[in-house]
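Participant:
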Amino acid sequence: MRVETLVVPPLDNNAYLVIDEASEQAAVVDPALGAKDLLAKAESLGVQIVAILNTHGHADHTADDGPLKSATGAKLGIFEVDAYRLARNAKESRWFLPAPPPPVTADLLLKEGTSVPIGGVTLVTIHTPGHTEGSCCFYDAADGVLFSGDTLFAGSCGRTDTLGASPAKMKASLQHLAELPPETRVLPGHGPATTIGKETWIADLAYPVV
Ligand SMILES: [Zn+2]
Numbered sequence: 009m010r011v012e013t014l015v016v017p018p019l020d021n022n023a024y025l026v027i028d029e030a031s032e033q034a035a036v037v038d039p040a041l042g043a044k045d046l047l048a049k050a051e052s053l054g055v056q057i058v059a060i061l062n063t064h065g066h067a068d069h070t071a072d073d074g075p076l077k078s079a080t081g082a083k084l085g086i087f088e089v090d091a092y093r094l095a096r097n098a099k100e101s102r103w104f105l106p107a108p109p110p111p112v113t114a115d116l117l118l119k120e121g122t123s124v125p126i127g128g129v130t131l132v133t134i135h136t137p138g139h140t141e142g143s144c145c146f147y148d149a150a151d152g153v154l155f156s157g158d159t160l161f162a163g164s165c166g167r168t169d170t171l172g173a174s175p176a177k178m179k180a181s182l183q184h185l186a187e188l189p190p191e192t193r194v195l196p197g198h199g200p201a202t203t204i205g206k207e208t209w210i211a212d213l214a215y216p217v218v
């Protein structure tokens, strides 16, 4: 597996192109407003985007789901309890977006443990509520990589004071992620990469994080 990281608008989001080199198939994790850049990168590498995966339903992460799906015919996946946010995002203006994202429907309603094959690469869905009710991470056990969305950042976690968020659930989700192998590379929705082993604080949360 090869991962290309693109830092794209609207909020310095990390959009990931996850490539299975053998089959030349790829997935995008959280396109944000990066569809154009992602399509150019995929074309330059000669890979086909077959899946678009959202770590959660916040509009900064999902903004270009529709355009990217239209351009590629890729299947769109989001954790089932965050799927309502796609329709909601299309109706609401956000200060960080030039316009509401076009309406888009999910093809894959992900659940805990749902496997998404990208050629020979398998991304397994881990439900990590807390930032939103349907936040999830995508884990490639074979390569030891976790796409952590806005659940786990280097040195911190996503906010838990907005609609659908829960400090108590965030605490439980982080403690669950702490059980992954310490060498696991963590690729978050914003900011630099880290590893589970560097984020020792997540195993030892004495109170709900806010
Ligand atoms: Zn978010």
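Quick note: the sequence shown uses the working numbering, first residue 9, plus one each step. We put the beta carbon where it would ideally sit given N, CA and C, even for glycine.
Can you tell me the Cα-Cα spacing of E191 and A211, whole angstroms?
Facilitator: If you number the sequence shown from 1, residue 191 lands on position 183. If you number the sequence shown from 1, residue 211 lands on position 203. When rounded, the distance between both Cα atoms is 15 Å.
Participant: When we look at the beta-carbon of K99 and count the other beta-carbons within 10 Å, is it buried (16 or more) or exposed?
Facilitator: Counted from its first residue, the sequence shown places residue 99 at position 91. Classification for K99: exposed.
Participant: Helix, strand or coil for S78, going by three-state DSSP, please let me know.
Facilitator: Within the sequence shown, the letter at position 70 stands for residue 78. Looking at S78 - three-state DSSP - the assignment turns out to be helix.
Participant: Could you tell me whether the segment 32-44 touches the segment 123-134, where touching means 3 or more Cβ pairs closer than 8 Å?
Facilitator: yes
Participant: For ligand 1, list every residue whose C-beta falls under 5 Å from any of its heavy atoms, going in chain order.
Facilitator: H66 and D158
Participant: Is it the case that the Cβ atoms of T159 and H139 are separated by a distance below 8 Å?
Facilitator: Looking up residue 159 in the sequence shown gives position 151. Looking up residue 139 in the sequence shown gives position 131. A contact, by the Cβ cut-off of 8 Å.
Participant: Suppose contacts are defined by Cβ-Cβ distances below 8 Å. Is A40 in contact with A59 by that definition?
Facilitator: Mapped onto the sequence shown, residue 40 falls at position 32. Mapped onto the sequence shown, residue 59 falls at position 51. No, these two residues do not count as a Cβ contact at 8 Å.
Participant: Is the beta carbon of F161 closer than 8 Å to that of F155?
Facilitator: The residue given as residue 155 occupies position 147 in the sequence shown. The residue given as residue 161 occupies position 153 in the sequence shown. No. Outside cutoff.
Participant: From the DSSP output, read off the bridge partner residues of Y24.
Facilitator: By 1-based counting over the sequence shown, the position of residue 24 is 16. Paired residues: T13 and V37.
Participant: Tell me whether L185 sits in a helix, a strand or coil according to DSSP, three-state version.
Facilitator: Here residue 185 refers to the residue found at position 177 of the sequence shown. If DSSP states are grouped into helix, strand and coil, L185 belongs with the helices.
Participant: If V153 and L195 are in contact, beta carbons under 8 Å, what's the gap, nearest whole angstrom?
Facilitator: In the sequence shown, residue 153 corresponds to position 145, counting from 1. In the sequence shown, residue 195 corresponds to position 187, counting from 1. Contact holds; Cβ gap of about 6 Å.
Participant: Can you tell which of R193, G166, T208 and P175 has the C-alpha that lies nearest to the C-alpha of A186?
Facilitator: Taking the sequence shown and counting its residues from 1, the one referred to as residue 186 is at position 178. It is T208.
Participant: I'd like the list of long-range same chain contacts for G172, defined as Cβ closer than 6 Å, with 5 residues on each side in sequence excluded.
Facilitator: Taking the sequence shown and counting its residues from 1, one reaches residue 172 at position 164. Closer than 6 Å at Cβ, skipping near neighbours: T140 and E141.
Participant: Looking at the strands, I want to know which residues DSSP matches up with F155.
Facilitator: Position 147 of the sequence shown, counted from the start, is the residue given in the question as residue 155. Per DSSP, F146 and L195.
Participant: Would you mind stating whether G121 and H64 have Cβ atoms separated by less than 8 Å?
Facilitator: In the sequence shown, residue 121 corresponds to position 113, counting from 1. In the sequence shown, residue 64 corresponds to position 56, counting from 1. H64 sits away from G121, with the two beta carbons spaced by 8 Å or more.
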